[in-house]
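First comes the structure, then the notes that go with it.
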Amino acid sequence: MSNIIKLLPDHVANQIAAGEVVQRPASVVKELLENAIDAEATSIKLVVKDAGKTLIQVIDNGKGMSDIDARLCFDRHATSKIQSADDLFNLHTKGFRGEALASIAAIAHVELKTKTEEAEIGTHVTIEGSKVISQEVAVVPKGTTLSVKNLFYNIPARRNFLKSNPVETRHIIDEFHRVALAHPQVAFKMIHNGSDVFDLPESNVRQRIVNIFGTKSNEKLVPVTEETEIVKVDGFVLKPEFAKKSRGEQFFFVNDRFIKSPYLNHAVVSAFEGLVKDGTHPGYFLYLDVPSKSIDINIHPTKTEIKFDDEHSIYAMLRATIKHSLGQFSIAPVLDFNKDSSFDTPYEYSKKDPVVPTIEVDRTFNPFKEGSTSKPSKVSFKKESTTAWESLYVGLKDDDNPSIEAEPFGEMQVESDEFTGNLFTEEKVHAGQITFQIQNKYIVSAVKSGMMIVHQHLAHQRIMYEELLKNMTVQEAVSQQLLFPVQVTFSKPKIELLETIREQLEHTGFVFSSWEEEEIGINGIPAGVKESNVEGILEQVLSDLEHQVPEAGFSQNDLLAKSLAKSMAIKTGTALEKEEQEHLIHQLFACKEPSVSPDNRPVLVMLNANDLDKKFM
Ligand code: ADP
Ligand code: MG
0 MSNIIKLLPD HVANQIAAGE VVQRPASVVK ELLENAIDAE ATSIKLVVKD AGKTLIQVID
60 NGKGMSDIDA RLCFDRHATS KIQSADDLFN LHTKGFRGEA LASIAAIAHV ELKTKTEEAE
120 IGTHVTIEGS KVISQEVAVV PKGTTLSVKN LFYNIPARRN FLKSNPVETR HIIDEFHRVA
180 LAHPQVAFKM IHNGSDVFDL PESNVRQRIV NIFGTKSNEK LVPVTEETEI VKVDGFVLKP
240 EFAKKSRGEQ FFFVNDRFIK SPYLNHAVVS AFEGLVKDGT HPGYFLYLDV PSKSIDINIH
300 PTKTEIKFDD EHSIYAMLRA TIKHSLGQFS IAPVLDFNKD SSFDTPYEYS KKDPVVPTIE
360 VDRTFNPFKE GSTSKPSKVS FKKESTTAWE SLYVGLKDDD NPSIEAEPFG EMQVESDEFT
420 GNLFTEEKVH AGQITFQIQN KYIVSAVKSG MMIVHQHLAH QRIMYEELLK NMTVQEAVSQ
480 QLLFPVQVTF SKPKIELLET IREQLEHTGF VFSSWEEEEI GINGIPAGVK ESNVEGILEQ
540 VLSDLEHQVP EAGFSQNDLL AKSLAKSMAI KTGTALEKEE QEHLIHQLFA CKEPSVSPDN
600 RPVLVMLNAN DLDKKFM
């Protein structure tokens, strides 16, 4: 049999390699920005058109390349950054694999203009699908301009796979943030479709954060700093009350490189334990410096994951340092960090004499949240009532009870109005009715065929979703006037994004009193929304918009209604009064599609008597 193995031609090998390095326009942005940093630029400009699908251009004032290097840099494994394998374990540059430019040139139209300090005249190389088309002299300043046009022009499948412009832009901005935050001493500019998105002067870390995330972020920052033999930590965490539902502002930099590390994230989160609400994520900007020999960066083509020699010590140190900072800046209540503050007695109760055997616990009370006026879910369990369980059984198992047979949501009488529960389980059961709540999460209701278990949060999402959609289409939302306008601040690009759905927001009941670059005033909110939730709701909407804006053809109203419904709906963990439970069930069954949530999750489960019978066989 003849030999069949052949070496792939370079341009094919490069295309394959490109698949690893270049997933989307944002990957190109990352590589080009990092090359500019490695070239010691002090000023870097990023120009993007159509979310990078048409053009990505990076202009730097770094050291530039010679004529020969300007051609060589597009060869695979062409790098000026390492010379031997040993260098791999002592890296001081972002790049070192020498494959970014080769990969990009294999799948786009690329133009390079560059000049070194010493050269009298610069050079201009054009390359398409790995083929050099031309190289000419060019009159250019010192530094490098790399333009990448028509990304994936020769791989239609990849091009079609790209997401909508807002989504791809979001990814680009994320990469831009990461590089800009890692290098505050370098000036950055970003221009998208002709308008300035960011203009960041040389600065320090704090100033850079403020320039990116808006003036208001300054007062949210708590400095963190510590130095040990294995690691030096600097940076900031956000005060616990600014923890967000989305993981937006979480940044680790190791030796000036942005990295992702679920393990170290856990260290930070655990330092915040008891200080932030469940389901929210603390924000942080943490800069770790470790000896470059103690990490391995070469474990992933995009170099965002690294391996530390001594991960456990770094974890412990990070957690302790952050706890210390939170304590020092009086953000934590007590210096005893082993205590879980979520179990602290709310102040209003602490002065009262305890009345045994009633135990009152409010686990949702958050002493650090200003104006936290949302209804505390108080629980009271009285020890003396021990007959309630029995009476509940009596009511429910009574096959002959006509009210159950005839009317699924009717009233049912049981004898006791107290219920025995366990300490800290926050059960809240009212006898005297058919619905009751378990775990502050489900509403159980006896129905003709057996019983129905309704997920309160998903059910309310369905209700809100249908109502919002209706309001948006018929435009007759009920708005709730606020006595004092609420001011909310977001970064400039976020406000711009909100602007695109401003009209729809107004249709749901939002009334805006002012609209500025980084701040909007709100003096009317949709009926049923709590004033204290407004910021969180808008945040959720923004995060949904950024990550899942549908292509034209899908309705933007639908997305907005889903997103608003999600954040407006009664949360799991909320104790509901008897009337509230019943009202929720009635509203649910007035919906067009009561059985599924807007995201297609089941809203209710039916357990019929046969299912139950089987459990007792
Ligand atoms: P790597 O960064 O891993 O070395 P790249 O493919 O990104 O690989 O770049 C190849 C080489 O091209 C670099 O090692 C560097 O010498 C040169 N180069 C790339 N971009 C620039 C730039 N903006 N300024 C100066 N030199 C550059
Ligand atoms: Mg590189």
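The sequence shown begins at 0 in numbering that gives the first Met the number 0 and counts up by one.
Each residue gets a CB set at the ideal place from its N, CA and C atoms; glycine is no exception.
No residue range can be given for residue 0, since it is assigned to no beta strand (DSSP E) and is classified by DSSP as neither H nor E. Taking a 10 Å sphere around the C-beta of residue 34, we find 16 or more other C-beta atoms and assign the residue as buried.
Every beta strand (DSSP E) of 3 residues or more that sits fully in the segment 514-539 is shown, in chain order, as 518-525. Inclusion of residue 236 and residue 41 in the CB contact set at 8 Å is not warranted, their separation being larger than that value. The count of Cβ pairs closer than 8 Å, one atom from the segment 530-537 and one from the segment 154-163, stays below three, leaving the stretches out of contact.
Given a length threshold of 4 residues, each whole run of the alpha helix (DSSP H) inside the segment 5-86 is given here in chain order: 9-20, 24-37 and 66-71. For the pair residue 512 and residue 524, the CB atoms are not nearer than the 8 Å cut-off.
Annotation for residue 593: 461, 587 and 602 place their beta carbon closer than 7 Å to its own, counting only its chain and skipping 5 residues before and after.
In the structure shown, residue 502 falls within a helical segment according to DSSP collapsed to helix, strand and coil. Annotation for residue 177: the continuous alpha helix (DSSP H) segment containing it runs 164-181. When DSSP states are grouped into helix, strand and coil, residue 614 belongs to the helix group.
Proximity of the beta carbon of residue 122 to the ligand ADP is not indicated: no heavy atom of the ligand is located closer than 7 Å. Where residue 155 is concerned, the enclosing alpha helix (DSSP H) starts and stops at 155-160. With respect to residue 13, residue 102 sits close: the two C-beta atoms are nearer than 8 Å.
The beta carbon of residue 584 lies closer than 7 Å to those of 408, 434, 442, 444 and 453 in the same chain, with the five residues before and after it left out. Residue 207 counts as buried, since no fewer than 16 other beta carbons sit within 10 angstroms of its beta carbon.
Secondary structure note for residue 213: it is in no alpha helix (DSSP H), with a DSSP letter that is neither H nor E. Where residue 449 is concerned, the enclosing beta strand (DSSP E) starts and stops at 449-454. Residue 32 and residue 43 do touch by the CB rule: their CB atoms are close to 6 Å apart, below 8 Å. Two segments are said to touch when three or more pairs of C-beta atoms, one from each, lie closer than 8 Å; by this definition the segment 247-258 touches the segment 282-289. Between the segment 19-31 and the segment 167-187, the count of C-beta pairs closer than 8 Å reaches three or more; the two stretches touch. Rounded to the nearest angstrom, the Cβ distance from residue 73 to residue 106 is 12 Å, too far for a contact under 8 Å. For residue 68, the shortest separation between its Cβ and any heavy atom of the ligand ADP lies below 7 Å.
In the structure shown, the three-state DSSP call for residue 286 is strand.
Residue 223 and residue 209 do not touch by the CB rule: their CB atoms are close to 17 Å apart, not below 8 Å. Residue 437 has its alpha-carbon roughly 22 Å from the corresponding atom of residue 612. Here the distance from the Cβ of residue 526 to the nearest heavy atom of the ligand MG is not below 7 Å. By the neighbour-count definition (other C-beta atoms within 10 Å, threshold 16), residue 7 is an exposed residue. Secondary structure at residue 191: strand, using DSSP grouped into helix, strand and coil. Taking every protein chain shown into account, the CB of residue 133 has fewer than 16 other CB atoms within 10 angstroms, so this residue is exposed.
C-alpha of residue 473 to C-alpha of residue 156: approximately 40 Å in a straight line. Contact check for residue 544 and residue 496: beta-carbon distance about 6 Å, within the 8 Å limit, so the pair qualifies. At a cut-off of 7 Å, the beta-carbon of residue 96 counts as near the ligand ADP: some heavy atom of the ligand is closer than that. Apart from the 5 residues on each side of it in sequence, residue 197 sits with its Cβ closer than 6 Å to the Cβ of 189 in its chain, given in chain order.
Exposed is the label assigned to residue 546, since fewer than 16 other Cβ atoms lie within 10 Å of its Cβ. Around the beta-carbon of residue 607, fewer than 16 other beta-carbon atoms lie within 10 Å, marking it exposed.
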